[in-house]
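K.L.:
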Amino acid sequence: MKIKKRKKSTRYRGSQTHRRGHRKRTRGLGNKGGVGMSGTGKRSGQKKTLVMKLYGAEYFGKDKALRRGRVKPKLNIINLSQINASLDKYKKTKDGYEINLKGYKILGDGDITEKLIITASSFSKSAKEKIEKAGGKCNLS
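Counting along the sequence shown from 1, when you hit position 57 you're at 57 in the working numbering, and nothing is skipped either side.
1) Using DSSP bridges, identify the partner residues of residue 4.
2) Let's see if you can read the secondary structure: which residues bound the beta strand (DSSP E) around residue 120?
3) DSSP three-state label for residue 106, please.
4) Quick one: using the 10 Å Cβ neighbour count with 16 as the cut-off for buried, is residue 136 buried or exposed?
5) When the Cα atoms are used, what is the spatial distance from residue 96 to residue 134?
6) What do you reckon, are the CB atoms on residue 122 and residue 80 nearer than 7 Å?
7) In three-state terms, what does DSSP make of residue 140?
8) Identify the residues that DSSP records as bridge partners of residue 98: which are they?
9) Using the rule of at least 16 other Cβ atoms within 10 Å of the residue's Cβ for burial, across every protein chain shown, is residue 85 buried or exposed?
10) Under 7 Å, do residue 100 and residue 113 count as touching if we go by C-beta distance?
11) Take residue 140 as the anchor and find which of 102, 108, 110 and 14 has the nearest alpha-carbon.
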């Protein structure tokens, strides 16, 4: 009757050298090889040319937003009621108040009492209607 012989690797478990003698070659972490593309790590300059060739310059960076691609900048929001409350800050001309709100989106909450010429990055539909109804203009920047 034939008996199945155990693998050598299981018989050598627990022995420090795994029956390879006292040579250091196979003992430490130095034998494990590279760690692939994980992180840039110490001396990352060695990998940079390869990484840029394969993945492009966007590979580097810890922030997820940087790796995800170009993200639109978020616009600040301001209501017509806030603009109307602070009209004394803006310059008045013969056509009306000239207001520069680049980087803002104008929302239509509130009413307008004066002619407004607003330059902003975006307008809501209701804000645009109210400004034009009062005789003002909406300029996109």
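For each residue, glycine too, the CB sits at the ideal point set by N, CA and C.
P.N.:
A quick look at the data gives this:
1) Within the sequence shown, the letter at position 4 stands for residue 4. Residue 4 is not bridged to any residue.
2) Counted from its first residue, the sequence shown places residue 120 at position 120. 116-123 is the span of the beta strand (DSSP E), which, as asked, contains residue 120.
3) Working through the sequence shown from its first residue, we reach residue 106 at position 106. In the three-state scheme derived from DSSP, where H, G and I count as helix and E and B as strand, residue 106 is classed as strand.
4) Indexing the sequence shown from 1 puts residue 136 at position 136. Label assigned to residue 136: buried.
5) Translated into positions along the sequence shown, residue 96 becomes position 96. Translated into positions along the sequence shown, residue 134 becomes position 134. Their backbone Cα atoms lie some 10 Å apart in a straight line.
6) In the sequence shown, the residue the question calls residue 122 occupies position 122. In the sequence shown, the residue the question calls residue 80 occupies position 80. No. Outside cutoff.
7) As a first step, residue 140 must be located in the sequence shown, where it is residue number 140. Residue 140 falls in the strand class under three-state DSSP.
8) As a working note, residue 98 is residue 98 in the sequence shown. In DSSP, residue 98 forms a bridge with 91 and 117.
9) What you label residue 85 is simply residue 85 of the sequence shown in a count that begins at 1. Under this definition residue 85 is an exposed residue.
10) For this step, residue 100 is matched to residue 100 along the sequence shown. For this step, residue 113 is matched to residue 113 along the sequence shown. No; because the gap between Cβ atoms is not below 7 Å, this pair is not in contact.
11) Start at 1 with the first residue of the sequence shown, and residue 140 comes out as number 140. It is 102 whose Cα lies nearest to the Cα of residue 140.
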